[in-house]
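For the sequence shown, position 95 matches number 88 in this note's numbering, and the numbering has no gaps at all. Report on one structure; see the data block that follows.
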Amino acid sequence: MRGSSRPRRPLPPRGRGAGFTLIEMIIVLVIFSIIVVAMTPMLKSFVDALIYGRTIMLADSQASFVMARIGKELRDAENLYTLGVTPVSDFTFDTKNLGMTVRYHLNSDRLMRSEDGGASQPMAEGISSFQVSTANGRLVKVELGFASAGYSVRTAV
């Protein structure tokens, strides 16, 4: 009687007890494939919503910047050229305090701004419409539309 009196466990037979069978692997693969196919439309709609949300955020950011800039400059405007009751997409005005002429116009899908007839600088991209009008010469209405986001912003100064 050497050592302990505990009985030994029999070892599993070699070659049959370890691993998965081919049938088990195929069943797992089929179940996994069904789950992936069922989840694909959900994943696609999630990615589409993410992209659309980013587009809206970008459009909103550009709209806020442009409207704040135009509003600030229009509060200082004294002569509103080419502006009337009919909306226009190209308008020019003089500023009182800065003493310069500012022009906003739409060039393809970009809203451009220039000072004193100089080179135009892009203010925003992806613009589908830009319209400015006035009813009484004092209240100026500005509308900016973004085609990619299906989004438009209006303000009156």
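All C-beta atoms in this analysis are idealised placements derived from N, C-alpha and C, irrespective of residue type, glycine included. It should be emphasised that the depicted structure is a prediction, and the values quoted were computed from it without experimental measurement.
Exposure label - residue i; buried when at least 16 CB within 10 Å
| i | result |
| --- | --- |
| I63 | buried |
| I120 | buried |
| F13 | exposed |
| F139 | buried |
| M105 | buried |
Which listed residue (the options) has its alpha carbon closest to that of residue i
| i | options | result |
| --- | --- | --- |
| N90 | E71, T33 and S101 | E71 |
| S126 | F86, A11 and A117 | F86 |
| L73 | I28, V59 and K134 | K134 |
| M93 | A56, R1, G111 and V30 | G111 |
| P115 | M35, A11 and Q55 | Q55 |
Same chain only: Cβ atoms within 8 angstroms of residue i, ignoring 5 sequence neighbours per side
| i | result |
| --- | --- |
| D83 | T75, R96, Y97, H98 and L99 |
| I49 | A142 and Y144 |
Helix, strand or coil at residue i according to DSSP, with G and I counted as helix
| i | result |
| --- | --- |
| T48 | helix |
| A151 | This structure cannot settle anything about residue 151, because the visible part of the chain is limited to -6 through 150. |
| T33 | helix |
| L73 | strand |
Residues bridged to residue i (per DSSP)
| i | result |
| --- | --- |
| F139 | I120 and Y144 |
| N100 | R103 |
| K65 | Partner(s): none; K65 has no beta bridge. |
| E108 | V95 |
| P115 | M105 |
Beta-carbon proximity list for residue i, same chain, < 7 angstroms, skipping 5 on both sides
| i | result |
| --- | --- |
| L132 | A149 |
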